[in-house]
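Colleague: Heads up: the protein sequence lines correspond to chains A and B, in order.
Each number in the numbering used here corresponds to the 1-based position in the first sequence with 4 added.
Each number in the numbering used here corresponds to the 1-based position in the second sequence with 4 added.
Pasting a structure here, questions to come.
2 protein chains.
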Amino acid sequence: MPIDLDRLPVDRGSGVSLWRQIAERIESEITTGAFPPSSQLPSESELTERFGVNRHTVRRALAVLAEKGLVRAVKGRGSFVEEAPLPYPIGRRVRFSENVMAAGRAPRGRLLGVATVVDAEPTRRLGLPPRTPLLRIEMVSSANGVPLSRSTSWFEKARFEGLEAELQRTGSVSRAFAAHGIADYARLETAISARPADPAEQDLLELPPGRAVLVVDAVNADAEGRPIQVQRTRFAADRVHLVVKS
Amino acid sequence: MPIDLDRLPVDRGSGVSLWRQIAERIESEITTGAFPPSSQLPSESELTERFGVNRHTVRRALAVLAEKGLVRAVKGRGSFVEEAPLPYPIGRRVRFSENVMAAGRAPRGRLLGVATVVDAEPTRRLGLPPRTPLLRIEMVSSANGVPLSRSTSWFEKARFEGLEAELQRTGSVSRAFAAHGIADYARLETAISARPADPAEQDLLELPPGRAVLVVDAVNADAEGRPIQVQRTRFAADRVHLVVKS
DNA sequence: AATCATTTGTCCGTATGTATT
DNA sequence: GAATACATACGGACAAATGAT
Numbered sequence: 005m006p007i008d009l010d011r012l013p014v015d016r017g018s019g020v021s022l023w024r025q026i027a028e029r030i031e032s033e034i035t036t037g038a039f040p041p042s043s044q045l046p047s048e049s050e051l052t053e054r055f056g057v058n059r060h061t062v063r064r065a066l067a068v069l070a071e072k073g074l075v076r077a078v079k080g081r082g083s084f085v086e087e088a089p090l091p092y093p094i095g096r097r098v099r100f101s102e103n104v105m106a107a108g109r110a111p112r113g114r115l116l117g118v119a120t121v122v123d124a125e126p127t128r129r130l131g132l133p134p135r136t137p138l139l140r141i142e143m144v145s146s147a148n149g150v151p152l153s154r155s156t157s158w159f160e161k162a163r164f165e166g167l168e169a170e171l172q173r174t175g176s177v178s179r180a181f182a183a184h185g186i187a188d189y190a191r192l193e194t195a196i197s198a199r200p201a202d203p204a205e206q207d208l209l210e211l212p213p214g215r216a217v218l219v220v221d222a223v224n225a226d227a228e229g230r231p232i233q234v235q236r237t238r239f240a241a242d243r244v245h246l247v248v249k250s
Numbered sequence: 005m006p007i008d009l010d011r012l013p014v015d016r017g018s019g020v021s022l023w024r025q026i027a028e029r030i031e032s033e034i035t036t037g038a039f040p041p042s043s044q045l046p047s048e049s050e051l052t053e054r055f056g057v058n059r060h061t062v063r064r065a066l067a068v069l070a071e072k073g074l075v076r077a078v079k080g081r082g083s084f085v086e087e088a089p090l091p092y093p094i095g096r097r098v099r100f101s102e103n104v105m106a107a108g109r110a111p112r113g114r115l116l117g118v119a120t121v122v123d124a125e126p127t128r129r130l131g132l133p134p135r136t137p138l139l140r141i142e143m144v145s146s147a148n149g150v151p152l153s154r155s156t157s158w159f160e161k162a163r164f165e166g167l168e169a170e171l172q173r174t175g176s177v178s179r180a181f182a183a184h185g186i187a188d189y190a191r192l193e194t195a196i197s198a199r200p201a202d203p204a205e206q207d208l209l210e211l212p213p214g215r216a217v218l219v220v221d222a223v224n225a226d227a228e229g230r231p232i233q234v235q236r237t238r239f240a241a242d243r244v245h246l247v248v249k250s
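Have a look at this one:
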């Protein structure tokens, strides 16, 4: 009769700590597909029973896996297997929905807020005269219900009056542009940096404290090459990797 | 007689905490150029005297600036003004030294170690048969003496026997390649991600705990398009931003 | 609308083995 | 060997968020 690995008890006094053994067992079950991406892990108390250890020990193992970005714990609900990082192309074409769908996941955009602002730096990058009123739009985008990015965009207000209504309705910048007669647009320049997520980002992106965000700073232009959008996107660094084509 | 802002004492009971006032004063002195990039700040005790506060208050102000990535404290030496982030192009051409010199800074590479290894993943990406022996090379690269990146490279051992000697001597991958008859090489594919720096990286890159590293994963190929190098570079995210040309 | 069971997060402990000084 | 520090493991209580009833 074959050994049932799932029921194999932890090995006390083996020189390997229990939390490490448990973490490795759960990790192998994730990588072999016993726990598929986005599925829910057994609760801490179930794992406690299964491995015959204290709940703290299970929690330590789960903390290791969370640290590695393999699982994500949600208070009051449970722990879930993280999806593999989504490959996000950084090319001329910039279409969040397309990029997410190409990876076989369901994109969604949520409008957080709209404001009319005067801001020197985006104005300069849009090539507009100083103190031109801009539309500033805050969004959160997700794939399969998991938040992927938080973005801030600036547009010339006079040209994109009412853009927010379309954004609100569709949750898609591309579609809002289309409604304003812009069928095609492309990346002009892109700068990429990274830093730890701040508390607001931790909240909106459902990130545990200390994780990093990838900051992608881009200027997008219409078919004639005129800048129409300055965008600063903060991706949850655990959930994407940016792919640059040469 | 004009007011000497440098000598303006801190404003107690103004509703703004002393550490915040001091942080803002030092920050403005940095941005106005009174403390140029890479210069050394006055010691904590000098600042203590100048502002007439306790050393803890000065330390808190400096901690804020370090958190923002404006200054860098080095134990036993002092605090230094961070350089502006170096724009690092991610294009077809991959030349660390060129990129750093283009920004007007002095590049330097230091070889940390060389090992012969068998590793499935880089072997596969190099398009070599499984279990082919590889040369794995660990480096740290810096600009103006400030560590910028930590990289691990894999090469086919049979083809690049003795590469490490040249690397040791010049600290440059390009020059070591040249000595092996490879005049030109280019990026094949690049993936970018980010995560908090681990303790070893904090040490080598002189990063305070909690900061992020930009992980750039690349396969480079010779003039014929054959992969010759798999490279994983971890940039100190505070000190560079990657610029992608479209 | 209010209550309840479930689940993770945080805190208080105690005991024990291991490594260092 | 003794003293010390540290990591490991366990026990229990309660807070906080969630989802269902």
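All C-beta atoms, glycine included, are put in the ideal place defined by N, C-alpha and C.
(1) Rounded to a whole number of angstroms, what is the C-alpha to C-alpha distance between residue 154(B) and residue 99(B)?
(2) Identify whether residue 63(A) lies in helix, strand or coil by the three-state DSSP scheme.
(3) Where residue 228(B) and residue 178(B) are concerned, what is the direct C-alpha to C-alpha distance, given to the nearest angstrom?
(4) In three-state DSSP terms, what is residue 1(A)?
(5) Identify, in the order they occur along the chain, each residue of the same chain with its Cβ nearer than 7 Å to the Cβ of residue 225(B), setting aside the five sequence neighbours on each side.
(6) Helix, strand or coil for residue 141(B), going by three-state DSSP, please let me know.
(7) How would you list, in chain order, the residues of chain A whose beta-carbon sits under 8 Å from the beta-carbon of residue 89(B)?
(8) Determine the direct distance from the alpha carbon of residue 84(A) to that of residue 76(A), and round the result to whole angstroms.
(9) Which residue marks the beginning of the alpha helix (DSSP H) containing residue 177(A), and which one marks its end?
(10) Is DSSP giving residue 76(A) helix, strand or coil here?
(11) Taking residue 136(A) as the query, report the chain B residues whose CB atoms sit under 7 Å from its CB, ordered along the chain.
(12) CB-CB under 8 Å to residue 4(A), same chain, minus the five flanking residues each way: which ones, in chain order?
(13) Cα separation between residue 247(B) and residue 175(A)?
(14) Is any heavy atom in the ligand ADP found nearer than 7 Å to the beta carbon of residue 178(B)?
(15) Helix, strand or coil: how does DSSP classify residue 247(B) here?
(16) Using a Cβ cut-off of 8 Å (strictly closer), state whether residue 93(A) contacts chain B.
(17) Which residue wins for smallest C-alpha separation from residue 60(B), given the options 158(B), 132(B), 21(B), 36(B)?
(18) Does the segment 199-215 of chain B touch the segment 126-137 of chain B, meaning 3 or more C-beta pairs lie closer than 8 Å?
(19) Identify the continuous alpha helix (DSSP H) that holds residue 236(B) and give its terminal residues.
(20) Could you tell me whether the Cβ of residue 245(B) comes closer than 8 Å to any Cβ of chain A?
(21) From the DSSP output, in three-state form, read off residue 170(A) for me.
(22) Any beta-carbon of chain A closer than 8 Å to the one on residue 259(B)?
(23) At which residue ranges does the segment 92-158 of chain A contain complete alpha helix (DSSP H) runs of 4 or more residues, listed in the order of the chain?
(24) Would you call the segment 90-98 of chain B and the segment 117-134 of chain B in contact, with 3 or more CB pairs under 8 Å?
(25) Identify, in the order they occur along the chain, each residue of the same chain with its Cβ nearer than 6 Å to the Cβ of residue 23(A), setting aside the five sequence neighbours on each side.
(26) Mind checking which residues open and close the alpha helix (DSSP H) that includes residue 204(B)?
(27) Would you verify that the beta carbon of residue 238(B) is, or is not, closer than 8 Å to some beta carbon of chain A?
(28) So what's residue 51(B) in DSSP terms, helix, strand or just coil?
(29) Are residue 197(A) and residue 184(B) close, meaning C-beta to C-beta below 8 Å?
(30) Report the three-state DSSP secondary structure of residue 43(A) (helix, strand or coil).
Modeller: According to the structure shown:
(1) Their Cα atoms are separated by approximately 15 Å.
(2) helix
(3) 17 Å
(4) Here chain A comprises residues numbered 5 to 250, so residue 1(A) is not present and cannot be evaluated.
(5) Cβ within range, chain order: 189, 190, 192, 231, 232.
(6) The answer is strand: DSSP assigns residue 141(B) an E or B state.
(7) 197
(8) 5 Å
(9) 177-183
(10) strand
(11) Neighbours of residue 136(A) on chain B: none; closest Cβ ~25 Å, over 7 Å.
(12) It is not possible to answer for residue 4(A), since the shown part of chain A is limited to 5 through 250.
(13) 28 Å
(14) Here there are no bound small molecules, and the ligand ADP is not part of this structure.
(15) strand
(16) no
(17) 21(B)
(18) no
(19) Counting along the chain, residue 236(B) falls outside any alpha helix (DSSP H), though it belongs to the beta strand (DSSP E) covering 231-240.
(20) yes
(21) In this structure, residue 170(A) counts as helix in the three-state DSSP scheme.
(22) Residue 259(B) falls outside the range modelled here, since chain B spans only 5 to 250, and no answer is possible.
(23) 100-106, 124-129
(24) no
(25) Here the set comprises 61, 64, 65.
(26) From DSSP, the alpha helix (DSSP H) with residue 204(B) extends over 203-208.
(27) Chain A, which has no Cβ nearer than 8 Å to the Cβ of residue 238(B), makes this no.
(28) Here residue 51(B) sits in helix by DSSP.
(29) Against a cut-off of 8 Å, the Cβ pair of residue 184(B) and residue 197(A) comes out as no contact.
(30) Three-state result, residue 43(A): coil.
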